[in-house]
Amino acid sequence: MKMSPIKWLCLCVLMLLAMPASAQDRQVFGFKAPAGIDAPEVPAVMRDLAERVLPVYQDPDPDRYLATLSALQWADSNYKAAEETRETLRERESATDATGPGAGQALLFDVYARAKTIEATGSAGFAQAFTQSFHDVVGKLDDLAASAVTNALQASPPPFREAWQQALDRARGKDSIELPEATALIRAYFAYEANRELAPLAAALGADEDRRRYAVDDDVLIATPAGVPIHARVVRPKRGAAKLPTLLEFTLQLSPADARTSAAHGYVGVVAYTRGKLGGPKASLVPFRYDGVDARAVIRWIARQPWSDGRVGMYGSDYAGFAAWAATKNVPRELKTIVTADAIAPGISFPMEGHIFRNEALRWATDHAVPGAVIDDDRDDARWQALDRRWYASGKPYRDLAVLADLPRSVFRDWLHHPSYDHYWERTSPFRKQFAHIGIPVLSIGGYYAQGAVGTLYYYRQHLQYRPDADHVLLLGPYDDRALRDGPAPSLRGTAVSPAAQIDLLALRYQWFDHIFKGAARPALLPQRVNYQLMGTDEWRHVPSLQAMANGVLKIYPAGAAASSTAGAPVHTQTVDFADRSDTAIPVPPPLMPISLPADPGLLFESEALKQTTDVSGIVSGELDFVINKYDFDLRLTLYAQSVDGHYLQLADPYEFRASYARDDVDRHLLKAGIRQKLKFTSGQIGAMRLPAGSRVIGVLAVSKRPDRQLNYGAADDVSVESIAAARVPMEIRWYGDSHLDVPVRR
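This is the structure:
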């Protein structure tokens, strides 16, 4: 459907009338943030803001203009105008692409605006109005479009709540805000309120739609050789071939929508849950231990069903990504491919990274490893941060963290007994030569700013090391964990994301499956083994290997050190007093473009100004030259690009690692106290960014000392049993100028 010329002319007139006399005029609005996201004064405060923004709002992007205008009209309680604006937006999108990323959410907002208009007339309550509007609109859609809308309807509330909370927090403490911040506030408020009003209706409406389109079995019990049944959800299209390929997600998280999405794409969708999940309060649930063998049992069960053509693909992010890899420890003949994003590598990327345990693993275990537990959807950060600070201030050993949390039997305590990559972790997923037997096609998706990047790269590098001809395709971009799970957004931690990177990762998954199972062309974005979005450009690059991302190395040394300095006095002396517990604040993820570097950065590496445009792309390694008075320490390496005008941009997520495991993950090699030594390391993170001439590459190497991490005092003991008693003598490090970082570059 194309927009009528009259409507388009009206839209242009509206946009022109909204423009101030000078496009450069700064529009500032007095604003005092409400006390909280659900404070009683919120509707009145936001209505007042919308009334003042509406007369001056403009945007050269017609789609963004219409979407924001409808939110402003809604906040102003002009629901009819909001509905008409969204109708105009829908007509524009129908003329271009109504199936791209966010299309389901956009259509859901259309239905919501229509329901608010009906409610305002008094002819029906909101629930009745929305239910009828939903069936009227969604009932006319095909399975794919309807699935997108239903998935949006059943989306988890926390992202909307967090976005609204963050928008308010940015405005808090100010007396006024500028137009871009005002419109961002209104959009976040609109999305949050719409999701909040729709949440009570989501389950019933989704179930109605599923029954109409699919054959659904919500609780299948699948027998396993161990005699423990696996709970699963099976969704099959009512139309199409009698026998179909099956797409399986084996997971710990409840994700019923994924099976529907697979069915909408013409597959049988199965979501199976890890042993003990949905088994009641007395069921035994041990994360990671049995998922491989149980997933293989589910795959064999699927192949025996009358609706199966005998072929199975697995997919998933986070834990489900791990489970797909766990199944390949002994690849079933029915398993034809896996697609993973941000996959956990137990013992490598979780519950520790670089062998440093993280407190968030205890929270994760509390949410997920207790049968029948209620997931902490309210994101009770304050309670968990208070625990972090209480443990940190106490000086107690790290093994007491679970005791302080009143969780003495947590599986977290079991994990602490295995700081090395030992048999406990080896049995969870492929190990060393077992990767050589994985001959099926694999698609791995990762992000430069994702915590799971360490796991993604671990699986990829191990697979290629032991099977060089592996059909393993890697896609990388400027994504964090949320982007990999929910789809890329226009900005990431305050930094704009290139439109080229804002691809539909969900659609890419099904393009891959269609290629494997239906003979469709290979996705155009994946012509090579390694495919990555180069930040600072609108380009995707495609190379045959990780090494081919670069054609040279930029060696950078500590600031103030000569490139050839190998002897003489140290260039930097560092003291870390682990007995000092005054620094109890929990560090928050900084913006990708910090105003300045940390006040005490530790060891600072700095390159010369680049003489030409240079791509920094690949995995950083290095060698540290130092003397330390302890036997171990934990390090955190963060890389930045520094522009000519002095601004910083983080190149990738920081890499944290324990020095005693830098050589290998299996065996711990303690340092030599009081002796000058060198330590080689390779980062588990990756990045890709184009830097203009005149830029510099900055590396910040800090000793890890924070309340939300295990503390390594440098004694020769198991780090989990060390207490503040080991901090009587501060840690002293003398860094020498021969320390360097090897930064992969392409010129």
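Using mature numbering (1 follows the signal peptide of the UniProt record, and there is no 0), the letters of the sequence shown correspond one by one to residues -23 to -1, 1 to 724.
Even glycine gets a Cβ: it sits at the ideal position worked out from N, Cα and C.
- How close, in whole Å, do the beta carbons of Ile325 and Val431 come, if the pair is a contact with beta carbons under 8 Å? About 6 Å separates the beta carbon of Ile325 from that of Val431, a gap short enough to meet the 8 Å contact definition.
- Give every residue of the same chain whose Cβ lies closer than 8 Å to the Cβ of Arg390, excluding the five residues on either side of it in the sequence, and list them in chain order. Arg376 and Ala379
- Message: Can you tell me whether Val19 is helix, strand or coil according to DSSP?
- Response: helix
- Task: Excluding the 5 residues preceding and the 5 following residue 726 in the sequence, name in chain order all residues of the same chain whose CB lies nearer than 7 Å to its CB.
- Result: Residue coverage of the chain in this structure runs from -23 to 724, which leaves residue 726 outside it and unanswerable.
- Using a threshold of 8 Å, state whether the C-beta atoms of Leu718 and Val597 are closer than that. yes
- Option in His414, Glu403, Tyr401 and Trp341 with minimal Cα separation from Leu384: Trp341
- One or two residues paired with Arg667 in a DSSP bridge: Asp592
- Query: Is the CB-CB distance between Trp392 and Pro328 below 8 Å?
  - Reply: Yes.
- Task: Measure the CB-CB distance between Pro721 and Ser594 and report whether it falls below 8 Å.
- Result: Contact: yes.
- Task: Put Pro233 into one of helix, strand or coil per three-state DSSP.
- Result: helix
- Item | Ser110 - containing alpha helix (DSSP H), residue span | Phe103 to Val115
- Query: How far does the beta strand (DSSP E) with Gln627 in it reach, from first residue to last?
  - Reply: Annotation for Gln627: the continuous beta strand (DSSP E) segment containing it runs Tyr625 to Gln627.
- Message: By the three-class DSSP mapping on this structure, what secondary structure does Ser285 have?
- Response: strand
- Message: Can you tell me whether His400 is helix, strand or coil according to DSSP?
- Response: Helix at His400.
- By the 10 Å Cβ neighbour count, where 16 or more other Cβ atoms means buried, how is Trp712 classified, buried or exposed? Trp712 should be labelled buried.
- Query: Which residues mark the beginning and the end of the alpha helix (DSSP H) in which His345 is found?
  - Reply: Glu337 to His345
- Message: Spatial neighbours of Pro(-4) within its chain, please: C-beta separation below 8 Å, excluding the five flanking residues on both sides.
- Response: Its pLDDT being 40, under 50, Pro(-4) is placed unreliably by the model, and the measurement read from it follows with that caveat. Excluding sequence neighbours, Pro(-4) sits near Gln4, Val33 and Gln35.
- Message: According to DSSP, simplified to helix, strand and coil, what is Ala704?
- Response: helix
- Query: Does the distance from the CB of Ser47 to the CB of Arg63 come in under 8 Å?
  - Reply: yes
- Message: Just to confirm, is the Cβ distance from Ala304 to Tyr292 under 8 Å?
- Response: Cβ distance not < 8 Å, so Ala304 and Tyr292 don't count as in contact.
- Message: Is Arg164 close to the ligand PLP? I mean its beta-carbon at under 7 Å from any heavy atom of the ligand.
- Response: No copy of the ligand PLP appears in this structure; indeed no ligand is present at all.
- Message: Nearest by alpha-carbon distance to Gly13: which of Ala297, Ala144, Gly79 and Pro136 is it?
- Response: Ala144
- Leaving out five residues on either side along the sequence, give the residues of the same chain with a beta carbon under 6 Å from the beta carbon of Glu174. none
- Item | Simplified DSSP state of Lys657, which is helix, strand or coil | strand
- Message: Counting C-beta neighbours from all protein chains within 10 Å, is the total for Pro396 16 or more, i.e. buried, or is it exposed?
- Response: buried
- Are there 16 or more other CB atoms within 10 angstroms of the CB of Thr343, so buried, or fewer, so exposed? buried
- Message: Assuming Glu311 and Gly287 are in contact, meaning their beta carbons sit under 8 Å apart, how far apart are those beta carbons, in whole angstroms?
- Response: 6 Å
- Message: Going by DSSP, what residue range makes up the alpha helix (DSSP H) through Pro177?
- Response: Leu156 to Arg190
- Task: Rank Phe227, Arg149 and Thr108 by C-alpha distance to the C-alpha of Ala180 and give the top, closest one.
- Result: Thr108
- Buried or exposed: Pro521, going by 16 or more other Cβ atoms within 10 Å of its Cβ? Its Cβ having fewer than 16 others within 10 Å, Pro521 is exposed.
- Where the beta strand (DSSP E) through Ala318 begins and ends: Unbroken beta strand (DSSP E) run through Ala318: Leu312 to Ala318.
- Sequence-distant residues of its chain with Cβ nearer than 8 Å to Arg462 (five each side left out): Excluding sequence neighbours, Arg462 sits near Ser294, Asp295, Ala318 and Asp319.
- Evaluate Ala359 with the Cβ neighbour count: other Cβ atoms within 10 Å of its Cβ, from every protein chain shown; 16 or more gives buried, anything less gives exposed. Ala359 is classed as exposed because its beta carbon has fewer than 16 other beta carbons within 10 Å across all chains shown.
- Message: Do Asp592 and Leu502 count as a contact pair if the criterion is CB distance below 8 Å?
- Response: no
- Determine the extent of the beta strand (DSSP E) in which His394 is found, giving its start and end residues. Per DSSP, His394 belongs to no beta strand (DSSP E) and is neither H nor E.
- Item | DSSP three-state assignment for Arg63, whether helix, strand or coil | helix
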